[in-house]
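Undergrad: Take a look at the following structure, please.
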Amino acid sequence: MSTYRRITVVDDGGISIVRFVDKKIVDSGSIEQLGEEMNSLVTVDKRNLILLNFDGVEFMSSAALNKLISLNTKVKAAAGRLKLCGLRAEIKEVFTITRLDRVFDLRKTEADAVAAFKL
Amino acid sequence: MTAVQMHWSYDKFLPNDLEFGHAAIEELMTALGAATWEGMDLFRIQMAIEEAVVNAIEHGNKRDPNKKIRLVFDVTPEKAVMEISDEGAGFDHRNVADPTTEDLVDKPRGRGVMLMRELMDEVHFNEVGNHVVMIKLRSPAIPE
Chain A
47 MSTYRRITVV DDGGISIVRF VDKKIVDSGS IEQLGEEMNS LVTVDKRNLI
97 LLNFDGVEFM SSAALNKLIS LNTKVKAAAG RLKLCGLRAE IKEVFTITRL
147 DRVFDLRKTE ADAVAAFKL
Chain B
3 MTAVQMHWSY DKFLPNDLEF GHAAIEELMT ALGAATWEGM DLFRIQMAIE
53 EAVVNAIEHG NKRDPNKKIR LVFDVTPEKA VMEISDEGAG FDHRNVADPT
103 TEDLVDKPRG RGVMLMRELM DEVHFNEVGN HVVMIKLRSP AIPE
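Chains as they are written, first to last, in the numbering used here: chain A, 47 to 165; chain B, 3 to 146.
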């Protein structure tokens, strides 16, 4: 089991619900660590049903977006599924502008996302 | 800048170090807040300035500690102007690949310049691409 500093992970019936420690995901060192920890979810802990809950996240740079894209690639390679929820309107706009709303499965609430895993 | 000061200017040469860049961005965000900027506009400015400063330090100056960046900000309640310069060779800003195309949309890079252009009202690069001016106008208030 990996040790996490930038995220917390809770298991809900096989779904790994991930929350972020930082309100602003902007520091390059923290983003690198975040990327490594998210990748460890898949490569070390062998989790492949992952929900990223952005409740409380106020800002994230495109460098952080890049880590999400890398995680998505790893989850797909592990035949898993990745969903995102709880994005505030400002961050969701970034996903829309960059068309990443077509790459990621964005859900409004954690309950919506958990239900979608069970479809 | 005090809470009642509605015009704020900043002009500094900074070491080519993200720590200094982020400290300057924090000063800018504080000044914008004091000039009554809020919500989506604040977020858009932070996103764009973050991308521009990181680009200048990491891609423009290639993390060279012997180089500097220059940040010039001018903030009023209606308009924010941000100039970012680096000492690098620049880049071809007229031919940046569109990161939203089918073959690039899931690649983990290349969104910074696009975000700057989309989130700001105006973005002007100089000819060589090592100086950019970004302008954000306050968005109209949404009636409740």
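Glycine included, C-beta positions come from ideal geometry on N, C-alpha and C.
Computed from a prediction, not measured in an experiment: that's the story for all the values here.
Quick one: what does DSSP say B:E40 is sitting in, helix, strand or coil?
TA: Correct three-state label for B:E40: coil.
Undergrad: Using DSSP's beta-bridge definition, name the partner residues of B:H95.
TA: Note: B:H95 sits in no beta bridge, so no partner.
Undergrad: Quick one: is A:K164 buried, meaning 16 or more other Cβ sit within 10 Å of its Cβ, or exposed?
TA: Label assigned to A:K164: exposed.
Undergrad: Please name the residue in B:E129, B:L121, B:V74 whose C-alpha comes closest to that of B:L44.
TA: It is B:L121 whose Cα lies nearest to the Cα of B:L44.
Undergrad: When the Cβ atoms of the stretch 21-34 of chain B are set against those of the stretch 58-75 of chain B, are three or more pairs found closer than 8 angstroms?
TA: Yes: at least three Cβ pairs fall under 8 angstroms.
Undergrad: Find the nearest neighbour of B:P110 within the set A:I61, A:A110, A:G132, judged by alpha-carbon distance.
TA: Closest option to B:P110, Cα to Cα, is A:A110.
Undergrad: Does B:R72 come out as helix, strand or coil in the three-state DSSP assignment?
TA: The answer is strand: DSSP assigns B:R72 an E or B state.
Undergrad: Does the stretch 152-159 of chain A come into contact with the stretch 13-22 of chain B, if we say contact requires no fewer than three beta-carbon pairs (one atom in each stretch) closer than 8 angstroms?
TA: No contact exists between the stretch 152-159 of chain A and the stretch 13-22 of chain B.
Undergrad: Excluding the 5 residues flanking B:A50 on each side, which residues of the same chain have their C-beta closer than 6 angstroms to its C-beta?
TA: The residues are M118, L121, M122, M136.
Undergrad: Taking the Cβ atom as the reference point for each residue, do A:L128 and A:L117 lie within a distance shorter than 9 angstroms?
TA: Against a cut-off of 9 angstroms, the Cβ pair of A:L117 and A:L128 comes out as a contact.
Undergrad: Using a Cβ-Cβ cut-off of 9 angstroms, state whether A:F105 counts as contacting chain B.
TA: Yes, A:F105 counts as interfacial toward chain B.
Undergrad: Along the stretch 90-102 of chain A, what residues have a CB closer than 7 angstroms to any CB found in chain B?
TA: Answer set for the stretch 90-102 of chain A: empty.
Undergrad: Rounded to a whole number of angstroms, what is the C-alpha to C-alpha distance between B:M42 and B:K138?
TA: Looking at the two C-alpha atoms, the distance is approximately 12 angstroms.
Undergrad: What does a CB cutoff of less than 6 angstroms around B:Y12 pick up in its chain, not counting 5 residues either side in sequence?
TA: Hits under 6 angstroms: F75.
Undergrad: According to the Cβ coordinates, are A:S74 and B:L20 closer than 9 angstroms?
TA: Contact: yes.
Undergrad: If we ignore side chains and look at the alpha-carbon of each, how far apart do A:K154 and A:K69 end up?
TA: Roughly 18 angstroms between the two C-alpha positions.
Undergrad: Given that B:V56 touches chain A, what residues does it touch there, using C-beta distances under 8 angstroms?
TA: Under the 8 angstroms cutoff, chain A gives S74, S107, A109.
Undergrad: Starting from A:I77, follow the alpha helix (DSSP H) in both directions and report where the run begins and ends.
TA: Per DSSP, A:I77 belongs to the alpha helix (DSSP H) from 74-89.
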